[in-house]
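Working notes for the structure below.
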Amino acid sequence: MLLIACKAPDQEAKQAGTVMGTVYAQTIYGTEEGIQSARDLQGKLQVLEQVVLSRKTETSELWKVNASFMQGNKKPYQITAQLAEYLQQLIQISADSDGALDITLGAAAQLWNFDEQAGENSGQELIPSAEQIREVMSHTGMDKLQMTKGEDGLWYLQIPEGMQLDLGAAGKGIACDIACDFLMDKEGITSAVVSVGGSILVYGSKPDGSPWMVAVAHPREKNKKLGVLKLQGTHYISTSGDYERYFMAGEKRYHHILDPGTGYPADSGLCSVTIVCDSGLLSDALSTACFVLGQEKGMALAEKYHAMILMVDDQGTLFMNDSMKACFQVTND
Ligand code: ADP
Ligand code: MG
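All the letters of the sequence shown, read from the start, carry residue numbers 14 to 346 under this note's numbering.
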């Protein structure tokens, strides 16, 4: 008699919805029990937003920090080790990008309000006045943010009145990091894809061993892609572009990635930047920073962090480093 140890084939389960005000989707492969044990993933990411990261929800730690200094608090504010860890990494990336990544732009982001003005609707009236921009920008700057570890071992944060912190440039990537930790903790999950807006986690190896295929959107032609990333194993992918949250005033495009030097949308000649690396926070923060920096400095920053980078300029020209060239395939559909 022949006995064959037969492993049950992987099941696939899809789920979609909204996380962090953007499109969320997950596909999980594994045993039935494994998939069952991961059904709370989307809820877990919503908790991350509600409890830690949101700039707009009154329940979040970030909101409370901002509110405290807005109300005139002049003393260091105690924060959780979790928020401190994110901030430490972001402060470092900000320093390495010459301030192109700037998490103190909350009031400027609120003034432009791109979340509610996305689309083609033209309107000079949507542009804040130079005076308004000057006012909000007078309170920004990473040098005015102080984070220290007290003698009690706890983390403290201090910002000036009028400054608002905004982790929008990295929140979706952080969600992908949390998703990866969550999946690694579970038994019976072999692989997964989790996408939160422009940030994606591909986790493990696909059941049939084929590479993950991740499409990179064309920044100017809806429903068209620039090409496909072919990736094996676990990676984080983030794209920052000027084509999701924007408005047009005449011929000029106003989009949600701001130049910390001016308070106006970054005008570096790039339309889209995609980063692939082994951390969600890093991929998301770098894609934003490199967008602001432009082609040459953006390339150098990605190399410093050993990240793959793909940039598209306003002429439609693609720029990639060697590690990106090895896995990006241009397509014409
Ligand atoms: P998305 O949120 O669409 O994924 P990004 O990751 O590029 O896009 O982050 C853009 C968001 O980050 C903006 O909506 C704003 O809240 C904030 N932001 C804008 N400009 C900067 C900047 N230079 N540095 C850090 N955060 C920024
Ligand atoms: Mg980003």
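Each residue gets a CB set at the ideal place from its N, CA and C atoms; glycine is no exception.
- Around the beta-carbon of arginine 258, 16 or more other beta-carbon atoms lie within 10 Å, marking it buried.
- Residue environment: asparagine 79 is assigned as buried (16 or more neighbouring CB atoms within 10 Å of its CB, all protein chains considered).
- Counting only runs that start and end inside the region 246 to 290, the beta strand (DSSP E) elements of at least 3 residues fall at 248 to 254, 259 to 262, 265 to 268 and 283 to 290.
- In the displayed model, glutamine 55 falls within a helix according to three-state DSSP.
- Set against 6 angstroms, the gap from the CB of threonine 301 to the closest heavy atom of the ligand MG is smaller.
- If only uninterrupted beta strand (DSSP E) runs of at least 3 residues are considered, those enclosed by the region 290 to 335 are 321 to 326 and 331 to 333.
- In this structure, leucine 299 places its C-beta atom within 7 angstroms of the C-beta atom of alanine 320.
- A distance criterion of 6 angstroms places the beta-carbon of serine 253 in contact range of the ligand MG, judged by its closest non-hydrogen atom.
- For serine 50, the uninterrupted alpha helix (DSSP H) segment begins and ends at 45 to 50.
- Residue state for lysine 185 is assigned as helix, using DSSP reduced to three classes.
- Between the region 76 to 93 and the region 167 to 187 there are three or more inter-stretch CB-CB distances shorter than 8 angstroms, so the stretches are counted as touching.
- C-alpha of glutamate 129 to C-alpha of glutamine 137: approximately 16 angstroms in a straight line.
- With a threshold of 6 angstroms, the Cβ atom of aspartate 280 does not count as near the ligand MG, since no heavy atom of the ligand is closer than that.
- For glycine 85, the three-state secondary structure derived from DSSP is coil.
- Inclusion of threonine 252 and glycine 211 in the CB contact set at 7 angstroms is warranted, their separation being smaller than that value.
- Valine 32 is positioned such that its CB atom lies closer than 7 angstroms to that of leucine 58.
- Boundaries of the alpha helix (DSSP H) around methionine 150: 143 to 150.
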